[in-house]
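Residue numbers (my numbering), protein chains in the order written: chain A, 1 to 519; chain B, 520 to 749.
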């Protein structure tokens with residue numbers, strides 16, 4: 001129950017302030033929490049996003065590696081997980097037996113569950129009385145620890161997630177004891193609830209974050225007097241639904257029947273690649289471009305963006321697959337409406353200009369407004385009269401290619417400094433017929449000469465590209481340097497790409513087997 | 520002596536794993552995904568002739584087709600082992616056509632393990648045309664949406680845009696969340712009051728270990744307890 005407004009909250013506070021507080025009721029209830037069902041494509045992508053911060057694309061790439069086979073040393077090569085594009089939660093009998101055996105041996109008989117989780121399986125999974133299977137380890141006996149040495153860091157993390165979830169799905173429910181305490185004060189009742197795990201069950205392999213609002217309660221008895229510390233009137237807002245993350249968008253798509261296991265990851269990938277949406281603190285925001293496209297489609301092609309219509313289409317495709325509906329009929333049926341729609345839109349659809357935000361300045365070349373636009377390398381400020389006027393702010397003091405004064409070691413043409421996605425680099429002015437690019441490391445052969453000639457342009461002060469470690473490469477003798485990679489700093493030879501040496505990781509620092517990368 | 524059985528999968532790493540199980544009687548080759556697809560440069564669908572797709576060998580895959588044909592000529596038995604779904608079935612079907620196989624044998628397994636593959640080898644089946652047709656319908660509809668709708672967006676909004684059957688609905692979902700009203704600054708509904716039950720009260724009970732206990736906040740629940748029971 002909640003109070004209507006600040007005045008009501010204030011009235012309660014005033015009424016109980018200074019009055020005695022006493023426990024009026026204690027109620028204990030036993031409850032159970034059921035283990036989750038095994039993973040399918042959509043839930044794998046959601047869990048990997050929440051727990052590992054993997055994008056759906058990355059999840060599927062790593063899952064595919066685990067499915068297609070990993071070399072396990074003496075044991076040979078084998079696939080570590082079942083097929084990763086599935087919407088079935090079925091598990092083969094042998095796999096169930098194996099899991100039960102493992103749980104009994106490792107945790108004891110009370111931890112063996114019936115595997116009949118009550119959670120409603122996805123709609124598609126119910127219909128699928130087929131040979132498909134959930135995503136699970138191919139052998140429960142291959143624990144994450146046992147195979148860690150043969151996996152990359154990503155593979156190891158994803159395998160552990162899949163392995164734990166599957167084992168948990170065959171374990172017994174957790175048992176909880178929930179206590180509710182009512183506290184009377186004046187004419188008001190306050191309530192406390194607390195939950196204690198009395199038997200951990202599946203939680204033993206799948207620890208879950210405790211609900212911070214449900215802490216363990218001290219043993220309180222009816223009639224016991226309590227002292228008021230203070231009253232805190234709280235305001236809380238009705239929150240609109242938050243923006244989607246990649247994970248919640250996939251859940252929404254699955255619930256509404258949009259897309260299938262094979263399409264979730266590529267779909268999210270394409271709307272990001274097209275710059276229709278962008279991520280901000282992992283939330284998906286539509287760009288002005290995305291909104292313009294969406295509005296155009298909503299007004300001109302309502303069926304194409306209609307959720308029910310698209311879900312129905314997926315079902316028709318499923319019907320071709322299972323019931324043998326003729327595919328040409330399904331396509332024709334759909335195309336008749338689509339073709340008419342196309343014709344109508346060709347005539348009616350207004351030309352839309354994607355609103356470009358004004359930069360609040362006039363173009364120094366033609367006097368028109370400057371606007372903020374989005375290009376391949378991010379946002380830039382350019383003239384609103386493009387393409388008549390091609391002015392771009394900041395470009396005049398940063399010429400596209402500045403000669404370094406050195407000749408190209410491959411073709412003899414002058415070397416120039418160019419702007420790349422990762423900052424300036426030295427390349428041949430003969431590009432694209434000559435593709436020479438100088439190594440970016442200061443102090444490594446010809447790269448040193450090239451960057452020396454370019455001054456600060458090549459070595460950006462805010463991001464040192466390579467820092468000497470003081471050690472020499474055991475393969476070629478050049479100095480080892482510390483560089484910044486996509487996954488953090490790493491040490492490698494300054495002779496790269498001529499020398500590909502990377503020192504093995506310190507044992508224990510990461511489970512990744514260095515041999516896989518070095519080879 | 521050449522292997523008498525040829526197994527074709529879509530991916531080289533899957534081929535590597537399979538080769539290790541199957542021994543020298545089997546040669547395992549990868550198709551590297553689809554061998555044929557609709558052409559990139561044009562619609563590739565004859566709308567007036569039952570939407571007949573004009574499949575062509577994907578640019579750059581010609582050598583792969585030649586290599587598979589050569590291996591197929593030497594083999595006595597050819598098994599198509601692409602992934603167990605619509606897409607995999609279509610890949611197997613296209614391979615069968617490119618290799619002119621009369622009675623293509625398809626095997627399916629959900630895990631690339633010795634036991635699963637051996638079981639699959641004992642149960643070869645013909646290609647499932649229903650699965651293939653579902654893939655064809657999806658491919659054709661996606662192509663028609665993409666190739667008919669996108670040019671319209673280029674003319675009316677901006678070059679290089681794209682629309683897609685699933686993609687555009689996903690975009691819509693994201694945009695729909697924007698149309699929401701900003702959080703309102705109201706007290707309704709649901710202010711609550713907290714009272715803190717402090718350690719001193721509990722400390723009075725000798726049985727409980729008082730140390731380390733902290734105050735808890737109880738939420739306001741209701742005005743005046745209703746009398747319970749008779």
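Even for Gly, the Cβ is constructed at its ideal location relative to N, Cα and C.
Compare the C-beta of residue i with all C-beta atoms of chain B and state if any pair is closer than 8 Å.
i	result
residue 328 (chain A)	yes
residue 425 (chain A)	no
residue 384 (chain A)	no
residue 244 (chain A)	yes
residue 253 (chain A)	yes
residue 102 (chain A)	no
residue 286 (chain A)	yes
residue 170 (chain A)	no
residue 182 (chain A)	yes
residue 262 (chain A)	yes
residue 292 (chain A)	yes
Does the distance from the C-beta atom of residue i to that of residue j stay below 8 Å?
i	j	result
residue 217 (chain A)	residue 201 (chain A)	no
residue 563 (chain B)	residue 529 (chain B)	no
residue 65 (chain A)	residue 155 (chain A)	yes
residue 651 (chain B)	residue 608 (chain B)	yes
residue 669 (chain B)	residue 304 (chain A)	no
residue 656 (chain B)	residue 327 (chain A)	yes
residue 49 (chain A)	residue 183 (chain A)	no
residue 258 (chain A)	residue 307 (chain A)	yes
residue 190 (chain A)	residue 174 (chain A)	no
residue 46 (chain A)	residue 168 (chain A)	no
residue 610 (chain B)	residue 550 (chain B)	yes
residue 501 (chain A)	residue 475 (chain A)	yes
residue 284 (chain A)	residue 693 (chain B)	yes
residue 630 (chain B)	residue 264 (chain A)	no
residue 808 (chain B)	residue 617 (chain B)	Outside the displayed span of chain B (520 to 749) sits residue 808 (chain B), for which this structure offers no information.
Which residue marks the beginning of the beta strand (DSSP E) containing residue i, and which one marks its end?
i	result
residue 524 (chain B)	524-528
residue 428 (chain A)	423-428
residue 417 (chain A)	414-420
residue 279 (chain A)	277-280
residue 484 (chain A)	479-485
residue 488 (chain A)	488-493
residue 468 (chain A)	466-472
Using a C-beta cutoff of 8 Å, does residue i count as contacting chain A?
i	result
residue 645 (chain B)	no
residue 688 (chain B)	yes
residue 612 (chain B)	no
residue 623 (chain B)	no
residue 727 (chain B)	Interpretation of residue 727 (chain B) is limited by its pLDDT of 30, a score under 50 that renders its predicted location unreliable; no figure is taken from the coordinates.
residue 716 (chain B)	Note on residue 716 (chain B): pLDDT 38, under 50, position unreliable in the model; the coordinate value appears next. Residue 716 (chain B) counts as touching chain A.
residue 693 (chain B)	yes
residue 685 (chain B)	yes
residue 631 (chain B)	yes
residue 712 (chain B)	Residue placement at residue 712 (chain B) cannot be trusted, given a pLDDT of 39 that sits under 50; what the coordinates show is reported in the next sentence. Cβ-Cβ to chain A under 8 Å: yes for residue 712 (chain B).
residue 602 (chain B)	yes
residue 526 (chain B)	no
Assuming residue i is part of the alpha helix (DSSP H), what are its boundary residues?
i	result
residue 636 (chain B)	633-641
residue 64 (chain A)	56-68
residue 652 (chain B)	648-675
residue 691 (chain B)	686-695
#### Entry: Given 8 Å, three or more beta-carbon pairs between the stretch 566-580 of chain B and the stretch 589-599 of chain B
no
### Positions along the stretch 569-585 of chain B whose CB lies within less than 8 Å of some CB in chain A
Within the stretch 569-585 of chain B, the residues whose Cβ lies closer than 8 Å to some Cβ of chain A are 569 and 570, listed in chain order.
### Message
Short of 9 Å Cβ to Cβ, which residues in the stretch 335-355 of chain A face chain B?
### Response
335, 338, 339, 342, 345, 346, 349, 350, 351, 352, 353 and 354
### Query
Using 8 Å as the threshold, is the stretch 284-304 of chain A in touch with the stretch 59-78 of chain A, meaning 3 or more CB pairs across them?
Judged by Cβ distances under 8 Å, the stretch 284-304 of chain A makes no contact with the stretch 59-78 of chain A, as fewer than three pairs qualify.
### Query
Within the chosen definition, does the stretch 662-673 of chain B reach the stretch 620-637 of chain B through at least 3 CB pairs nearer than 8 Å?
no
#### Entry: Contact set between the stretch 670-681 of chain B and chain A, restricted to residues whose Cβ is under 9 Å from the partner
671, 672, 674, 675, 676, 677, 679, 680 and 681
### Message
Using a Cβ distance threshold of 8 Å, determine whether the stretch 46-58 of chain A contacts the stretch 585-593 of chain B, with at least three qualifying pairs required.
### Response
no
### Task
Mind checking the stretch 18-51 of chain A against chain B and listing, in chain order, the residues whose C-beta falls within less than 7 Å of any C-beta there?
21 and 24
### Query
When you check each C-beta in the stretch 634-660 of chain B against every C-beta of chain E, which residues fall closer than 7 Å?
The chain labelled as chain E is not found among the protein chains of the depicted structure, namely A and B.
### Query
With contact counted as at least three CB pairs below 8 Å, one residue from each stretch, are the stretch 24-43 of chain A and the stretch 129-147 of chain A in contact?
The stretch 24-43 of chain A makes contact with the stretch 129-147 of chain A; the number of CB pairs closer than 8 Å reaches 3 or more.
#### Entry: chain B contacts from the stretch 398-417 of chain A (Cβ-Cβ distance under 7 Å)
none
### Task
Could you run through the stretch 82-94 of chain A and flag, in chain order, every residue whose CB is less than 7 Å away from some CB of chain B?
82, 83 and 85
#### Entry: the stretch 139-166 of chain A: positions lying closer than 8 Å to chain B by Cβ
139
#### Entry: Meets three-Cβ-pair contact criterion under 8 Å: the stretch 94-104 of chain A and the stretch 160-180 of chain A
These segments touch.
#### Entry: Any 3 or more C-beta pairs closer than 8 Å across the stretch 381-395 of chain A and the stretch 426-435 of chain A
no
### Chain-ordered residues of the stretch 294-308 of chain A with a beta carbon less than 9 Å from chain B
If the cut-off is 9 Å between Cβ atoms, the stretch 294-308 of chain A has 294, 295, 296, 297, 298, 300, 301, 304, 305, 306 and 307 near chain B.
### Task
Could you list the residues in the stretch 530-564 of chain B with a C-beta less than 7 Å from some C-beta on chain A, going in chain order?
530, 532, 533, 535, 536 and 539
### Query
Using Cβ-Cβ distances below 9 Å, what residues of the stretch 314-327 of chain A are close to chain B?
Per Cβ criterion, the list reads 314, 316, 317, 318, 319, 320, 321, 322, 323, 324, 325, 326 and 327.
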